[in-house]
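If you're matching positions, the sequence shown starts at 12 in this note's numbering and goes up one per residue.
Ideal placement from N, C-alpha and C gives every residue a C-beta, glycine not left out.
All values reported here derive from a predicted model rather than from experimental measurement.
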Amino acid sequence: MGNGLRTLVLPAVDARLIEALRAATRVVVLTGAGVSSESGVPTFRDRQSGLWETFDAAELATPSAYARDPALVWGWYEWRRATVLAAQPNAGHRALAAMAGLVPQFTLITQNVDDLHERAGSSCVVHLHGELSRPYCEGCRQGYAHAPGVPELPPGGKRIEPPRCAACGARIRPGVVWFGESLPHLPWLAALEATRACEVFLCCGTSAVVQPAASLANFAIDAGALTVQVNPNQTDLDASVTVAIRGPTGMVLPQLVRETWPGA
Ligand code: OAD
């Protein structure tokens with residue numbers, strides 16, 4: 012038996028995708044939590060464990076949850092940060108970093124708050140939902156630097172009182188976008204502009220249900236791009252994209268790069 016990478020057969024329609032990718036000058040990729048799941052970072056739909064077992068991730072990722080119980084929410088984000096710091100980029104992250112060097116204009120947009128794309132070699136990643144590594148003050152919005160290294164936590168995580176801002180004394184908050192908050196303006200504009208101009212748009216490892224990020228796929232469809240959904244599970248987007256590839260990104264993306272640019 013091989014390791015699965017060689018045995019995966021892309022659907023016949025992918026000849027069209029491969030041709031389109033080879034010919035394209037502008038390619039956009041939108042990633043979601045599924046791309047990091049093969050690195051051991053749980054998605055938002057996975058059942059939570061440890062102290063967070065009884066909480067829905069979507070309930071913790073809100074301004075009202077932070078206002079109600081800051082130690083619970085800060086502790087949860089520290090636990091996620093520790094998970095990410097201990098994780099390594101996977102073959103899917105690396106394939107996207109390689110693709111950037113093979114397409115004249117390549118834009119990588121992510122909903123992920125981890126840095127696994129960057130650690131795989133991608134640069135200028137457009138982070139639509141913020142970054143775990145960039146907390147800031149709720150009061151004066153000044154950035155806050157985490158202590159270096161991985162936070163020491165029990166396996167199930169723990170409640171942690173958030174630090175206070177050295178400048179104004181207000182509470183520090185995680186550097187992520189919560190449900191009900193607006194996306195950061197410049198990343199959103201960059202994402203929109205690249206999406207409206209691209210010839211191929213790949214949606215990778217996202218349930219494509221959280222707005223407005225999910226609407227990017229529809230903008231690409233409306234703009235006439237060849238659109239692709241890569242996900243091991245069925246999603247609502249499958250019916251509207253040009254090509255729906257059912258498989259994990261850690262397997263599909265390296266194969267796509269190999270077949271599109273053999274020898275690269
Ligand atoms: P979700 O957790 O909603 O969806 C993850 C998707 O990844 C699912 O559709 C899975 O089927 C798929 N998946 C799982 N393993 C995979 C693999 N190995 N390869 C490819 N796909 C795989 O995550 P997102 O779509 O990223 O927002 O969620 C979007 C936003 O909702 C997140 O950024 C976060 C969340 O709540 C905020 O926190 C604001």
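Alpha helix (DSSP H) segment containing Val263, residue limits: Within the sequence shown, residue 263 is the residue found at index 252, counting from 1. Here the alpha helix (DSSP H) through Val263 covers Thr260 to Thr271.
task: Take Leu28 and list the residues in its own chain whose beta-carbon comes closer than 7 Å to its own, dropping the five residues that flank it on each side.
output: Counting from one through the sequence shown, the residue named residue 28 turns up at place 17. Contacts found: Leu237, Val239 and Val254.
Residue burial classification, Leu227 (beta-carbon count within 10 angstroms, cutoff 16): In the sequence shown, counting from the first residue as 1, residue 227 sits at position 216. When all chains shown are included, Leu227 counts as buried.
- request: Express the C-alpha separation of Gly167 and Tyr77 in angstroms, rounding to a whole number.
  value: Within the sequence shown, numbered from 1, the residue matching residue 77 stands at position 66. Within the sequence shown, numbered from 1, the residue matching residue 167 stands at position 156. In this structure, the CA atom of Tyr77 is about 19 Å from the CA atom of Gly167.
Closest residue to Lys169 among Val221, Ala93 and Leu194 (Cα-Cα distance): Taking the sequence shown and counting its residues from 1, the one referred to as residue 169 is at position 158. Lys169 has its Cα closest to that of Ala93, out of Val221, Ala93 and Leu194.
- request: Return helix, strand or coil for Phe230, following the three-state DSSP convention.
  value: Here residue 230 refers to the residue found at position 219 when the sequence shown is read from its first residue. Three-state DSSP puts Phe230 in a helix.
query: With 16 other CB atoms within 10 Å as the buried threshold, where does Thr18 fall?
result: Along the sequence shown, read from residue 1 onward, the residue named residue 18 stands at position 7. Note on Thr18: pLDDT 44, under 50, position unreliable in the model; the coordinate value appears next. Classification for Thr18: exposed.
message: Is the beta carbon of Leu107 closer than 8 Å to that of Ala224?
response: As a first step, residue 224 is located in the sequence shown; it is residue number 213 there, counting from the start. As a first step, residue 107 is located in the sequence shown; it is residue number 96 there, counting from the start. The answer is no: Cβ separation not under 8 Å.
message: At a cut-off of 7 Å, would you count Phe190 as near the ligand OAD, judging by its Cβ distance to the nearest heavy atom?
response: Residue numbering aside, residue 190 sits at position 179 when the sequence shown is read from its first letter. Yes, Cβ of Phe190 sits closer than 7 Å to a heavy atom of the ligand OAD.
task: Could you check if Gln266 is buried or exposed, using at least 16 other CB atoms within 10 Å of its CB as the buried criterion?
output: Position 255 of the sequence shown, counted from the first residue, corresponds to residue 266. Its Cβ being crowded by 16 or more others within 10 Å, Gln266 is buried.
message: Can you confirm whether the segment 87-104 touches the segment 245-253 when touching is taken to mean that 3 or more C-beta pairs between the two stretches lie within less than 8 Å?
response: no
field: Sheet register partners of Phe190 (DSSP bridge)
entry: Position 179 of the sequence shown, counted from the first residue, corresponds to residue 190. BP columns for Phe190 are empty, so no partner.
- prompt: How about Val46 and Thr246: do their beta carbons lie closer than 8 Å?
  reply: As a position in the sequence shown, residue 46 is number 35, starting the count at 1. As a position in the sequence shown, residue 246 is number 235, starting the count at 1. No, the pair does not count as a contact, with Cβ atoms beyond the cut-off.
task: Can you tell me which of the three DSSP states Ala255 falls into?
output: In the sequence shown, the residue the question calls residue 255 occupies position 244. If DSSP states are grouped into helix, strand and coil, Ala255 belongs with the strands.
query: Taking just the CA atoms, how far does Glu270 sit from Glu26?
result: For this step, residue 26 is matched to residue 15 along the sequence shown. For this step, residue 270 is matched to residue 259 along the sequence shown. Looking at the sequence itself, residue 26 is Ala, so the reference to Glu does not match. Distance between the alpha carbons of Ala26 and Glu270 is about 9 Å.
task: Return the CA-CA distance between Gly150 and Val263, expressed in angstroms with no decimal places.
output: Taking the first residue of the sequence shown as 1, we reach residue 150 at position 139. Taking the first residue of the sequence shown as 1, we reach residue 263 at position 252. Each residue's Cα considered, the two are about 44 Å apart.
message: Counting C-beta neighbours from all protein chains within 10 Å, is the total for Ala23 16 or more, i.e. buried, or is it exposed?
response: Residue 23 sits at position 12 when you count from the first residue of the sequence shown. Any reading at Ala23 needs caution, since the residue's pLDDT is 46, under 50, leaving its predicted position unreliable; the model's value is listed next. The residue is exposed, with fewer than 16 neighbouring Cβ atoms inside 10 Å.
field: Stretch pair the segment 174-189 + the segment 132-151: three plus CB contacts closer than 8 Å
entry: Yes, they touch.
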